[in-house]
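Student: In my numbering, the protein residues as written are 128 to 440. The beta carbon of each residue, even a glycine, is placed where N, CA and C say it ideally should be. Please read these numbers as outputs of a predicted model, since none were measured by experiment.
#1: Secondary structure at residue 416, three-state DSSP: helix, strand or coil?
#2: Quick check: the segment 225 to 235 against the segment 320 to 331, are at least 3 beta-carbon pairs closer than 8 Å?
#3: Say the cut is 7 Å; is the CB of residue 217 nearer than that to a heavy atom of the ligand HEM?
#4: Which value, in whole angstroms, describes the spacing of the CA atoms of residue 398 and residue 209?
#5: Could you say which of 191, 344, 336, 414 lies nearest to residue 249 if we only look at CA atoms?
#6: Whose CA, out of 329, 349, 357, lies closest to the CA of residue 340?
#7: Alpha carbon to alpha carbon, how far is residue 185 from residue 246? Give it in angstroms, no decimals.
#8: Straight-line CA distance for residue 244 to residue 435?
#9: Which term fits residue 254, buried or exposed, when burial requires 16 or more other beta carbons within 10 angstroms of its beta carbon?
#10: Going by the CB atoms, is the gap between residue 421 and residue 405 shorter than 8 Å?
#11: Quick check on the DSSP output: what are the complete beta strand (DSSP E) runs of length 3 or more inside the segment 313 to 392, in order along the chain?
#12: Over what stretch of residues does the beta strand (DSSP E) that includes residue 189 continue unbroken?
#13: Give me whichever residues DSSP pairs with residue 218 in a beta bridge.
#14: Quick check on residue 300: buried or exposed, where buried means 16 or more other Cβ atoms within 10 Å of its Cβ?
#15: Does the beta-carbon distance from residue 367 to residue 306 come in below 8 Å?
#16: How would you write the range of the alpha helix (DSSP H) that residue 235 sits in, first residue to last?
#17: Considering only their Cβ atoms, is the gap separating residue 229 from residue 251 smaller than 8 Å?
#18: Run the CB neighbour count on residue 231, radius 10 Å, all protein chains shown included, and call it buried at 16 or more, exposed below.
#19: Would you check if the distance between the CB atom of residue 417 and the CB atom of residue 410 is smaller than 8 Å?
#20: On the criterion of 16 or more Cβ atoms from any shown chain inside 10 Å, does residue 297 qualify as buried, or is it exposed?
#21: Who does residue 272 pair with in a DSSP beta bridge?
#22: List the DSSP bridge partners of residue 421.
#23: Do the CB positions of residue 395 and residue 372 come within less than 8 Å of each other?
#24: Between which two residues does the beta strand (DSSP E) carrying residue 395 extend?
#25: Identify every residue that forms a DSSP beta bridge with residue 206.
#26: Sort 334, 312, 311 by Cα distance to residue 216 and report the nearest one.
#27: Closest to residue 203 by CA distance: which of 183, 225, 274 is it?
#28: When you compare the CB positions of residue 419 and residue 408, do they come within less than 8 Å of one another, or not?
#29: Does residue 227 pass the burial test, meaning 16 or more other C-beta atoms within 10 Å, or should it be called exposed?
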């Protein structure tokens, strides 16, 4: 009958003239072990058993990691590594040129967590990425627990998958808002992470990831006591908006002769947030060093690079 299935066969067995008996499974609700059915009808049935590790309730005890390939970037990179603290939802983005750089990125991140907060990462939840899970790398990280998904089973790494989806969506929105070329995705990635870390999250009872981390540090580490836990958002400006940073000559006061009569500012666009008082500004007309790290800048949030592109077009 062409392997119609257990229920259909049970009904067929009741029909007159049928010369076989209905197959019964030893386990209620389970299918009989027909090899043809098993190999031909298998589908992606996700386990309903929770796959979450027992997370220690502190920052960076457990981190999830995922690798994305948004495509060739303006700076020569091709991949984005996203590391997320499971407890606080703090996100950290890195861009790399080759997958072989993954171990160095993770080792550097572990060293940063240790140096900044005196905390140890004890578990990593990640996809089964060959570039990361090799004997040479793990021989240098004795004692770190690993929970990795089976090959081609990204849903098992649910936390990293969800976190990555949120960041990619925010990157898409920022690039569209600014009107930047898609090759400028690294700028959008870092801006997305910066903003998401300061955005209230329902999972955290509507606290931001940064506030959640700072509160834990304030409550548990003497050196962090008294540190402000609520992020200051007064410096946030619209990503991609028009910006007028001071020229290097004006900043250094080295202008001579006719240069003293030249404009004291460039025309650029907001490309990133470095700190609460520092911004990364992209000045397209500068052939060399077109990205400026500066505090001295004026913004016009009513205009974006997309407006300039449409005018030129």
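Tutor: Working from what's here:
#1: coil
#2: no
#3: Absence of the ligand HEM from the depicted structure is noted, as is the absence of any ligand whatsoever, leaving it without description.
#4: 19 Å
#5: 191
#6: 357
#7: 9 Å
#8: 43 Å
#9: buried
#10: yes
#11: 368 to 372
#12: 189 to 195
#13: 211
#14: exposed
#15: yes
#16: 229 to 244
#17: no
#18: exposed
#19: yes
#20: buried
#21: 250
#22: 406
#23: yes
#24: 395 to 400
#25: 223
#26: 334
#27: 225
#28: yes
#29: exposed
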